[in-house]
Amino acid sequence: MRLRRTVRFLIAAAATAALGLTGLSAPAAASVLDVPPGGANDWSCKPDSAHPQPVVLVNGTFKLMAENWSKLSPKLKEAGYCVFAFNYGNFETDPIPESAAELRDFVEAVRGATGAAKVDIVGHSQGGMLPRYYVKFLGGADKVDDLVGIVPSNHGTKNPLAIPAGWTFCPSCVDQQAGSELLQKLNAGDETPAGPDYTVITTRYDEVVIPYTSALLTGDKEHLTNVVLQDKCPLDLYMHDQATKDPVVAQWVLNALARKGPADPGFQPRCVGGRA
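Per my numbering: the sequence shown = residues 387 to 662.
Structure representation (structure tokens):
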């Protein structure tokens, strides 16, 4: 428990630095945890006919919503979507099934506030894989229209750093190791169960989900599009951690959300200078 509290404070302090909020006291730093990204969590927002599904953003492991979605959330809001974000699972370290239940409850809150029958989900890393558990096992199949995973840990990682983290304070890190019991259960049978349309966006430069191809899903191409950023933009250098801030990723996300079905595999985004 003491380790969890220490980690909580360290991540809160790191978040203040990432957001440029230096010199805050410990309580003030902790309050940063509850700050949504720009454009998110207007609970009076009502979807319109052009954007009928509200968008739920799901963080990656050790991420806070304000930092994780600082670029993409405002773009989605400007495009006309009702956008919602939340922090979950003790900095996304709780076991995947527990965090998926939190996602289920948050989706119900969004549906209740907006009156929408379904939501779209955009998730980063763990947040791109975890919604699949909600869809497959917790009743989310008829509540989600689009599921867009950005560098998701769909088949786990062979990164050796995931193992010591899991042994100490991060059960979700254990769940995200390649071959874990959780991932065997999740990927058994149909990887893209009927209900949502699935878009996976990954990068060849992923240093966290290793190999990067473990993000990709198998399924009916009518309801699944796998995107490798460098196939269309060879000079895109974005890696795992900052992938949500890539302007090319944003174009793929908007393409997926705006059309019936997953992202158009023939879509050509406007390539811009990437960064690692």
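We treat Cβ as the ideally placed atom computed from N, Cα and C, and that holds for glycine.
In angstroms with no decimal places, state the Cα-to-Cα distance between residue 595 and residue 444. 17 angstroms
Where does the unbroken alpha helix (DSSP H) through residue 573 begin, and where does it stop? Judged by DSSP secondary structure, residue 573 falls within the alpha helix (DSSP H) whose first and last residues are 567-573.
Three-state class that DSSP yields for residue 543 in the structure shown: strand
Run through DSSP, which three-state label would residue 615 get? helix
Here's the rule I'm using: 16 or more other beta-carbon atoms within 10 Å means buried, otherwise exposed. How should residue 651 be labelled? For residue 651, the number of other beta carbons within 10 angstroms of its own is below 16, and it is reported as exposed.
Per DSSP, residue 626 forms a beta bridge with which residues? According to DSSP, residue 626 bridges with nothing at all.
Indicate whether residue 634 and residue 615 have their beta-carbon atoms separated by less than 8 angstroms. In this structure, residue 615 lies closer than 8 angstroms to residue 634 by Cβ.
Less than 8 angstroms between the C-beta atoms of residue 505 and residue 530, yes or no? Cβ distance < 8 angstroms, so residue 505 and residue 530 count as in contact.
Determine, using beta carbons only, whether residue 638 comes closer than 8 angstroms to chain D. Absent here is chain D; the protein component of the structure consists of one chain.
Tell me whether the beta-carbon of residue 441 lies closer than 8 angstroms to the beta-carbon of residue 462. yes
For residue 459, which residues from the same chain have a beta carbon less than 7 angstroms from its beta carbon, with the 5 sequence-adjacent residues on both sides left out? 423, 424, 425, 426, 443, 469 and 471
Going by DSSP, name the residue or residues bridged to residue 610. 584
Thinking C-beta only, is residue 557 closer than 8 angstroms to residue 480? yes
Applying the criterion that 16 or more other CB atoms from any shown protein chain within 10 Å of the CB defines a buried residue, is residue 439 buried or exposed? buried
Quick check on residue 415: buried or exposed, where buried means 16 or more other Cβ atoms within 10 Å of its Cβ? For residue 415, the predicted model reports a pLDDT of 49, less than 50, meaning its position is unreliable; a value from the coordinates is still stated below. By the neighbour-count rule (16 or more Cβ atoms within 10 Å), residue 415 is buried.
What residue range is occupied by the uninterrupted beta strand (DSSP E) comprising residue 471? 469-472
Residue 613 versus 430, 538, 464 and 564, residue with shortest Cα-Cα distance: 538
Outcome for residue 654 when other beta-carbon atoms lying within 10 angstroms are tallied against a minimum of 16: exposed
Determine the DSSP secondary structure at residue 509, reduced to helix, strand or coil. strand
Per DSSP, what kind of secondary structure is residue 408 in: helix, strand or coil? Note that residue 408 has pLDDT 49, beneath the 50 cutoff, so the model's placement of it is unreliable and no number is given.
Please list the segments of the alpha helix (DSSP H) lying wholly inside the region 410-495, counting only runs of 4 or more residues, in order along the chain. 412-417, 451-454, 458-464 and 475-478
I'd like to check one pair, residue 576 with residue 568: are the Cβ atoms closer than 8 angstroms? no
Looking only at DSSP bridge pairs, what is residue 603 linked to? BP columns for residue 603 are empty, so no partner.
Beta-carbon within less than 6 angstroms of residue 587's beta-carbon, same chain only, minus the 5 sequence neighbours each way: which residues are those? 536, 613, 635 and 638
Using only the alpha-carbon positions, how far apart do residue 645 and residue 632 sit? Looking at the two C-alpha atoms, the distance is approximately 21 angstroms.
Within this structure, are the beta carbons of residue 642 and residue 585 separated by less than 8 angstroms? For the 8 angstroms CB-CB criterion, residue 642 and residue 585 form a contact.
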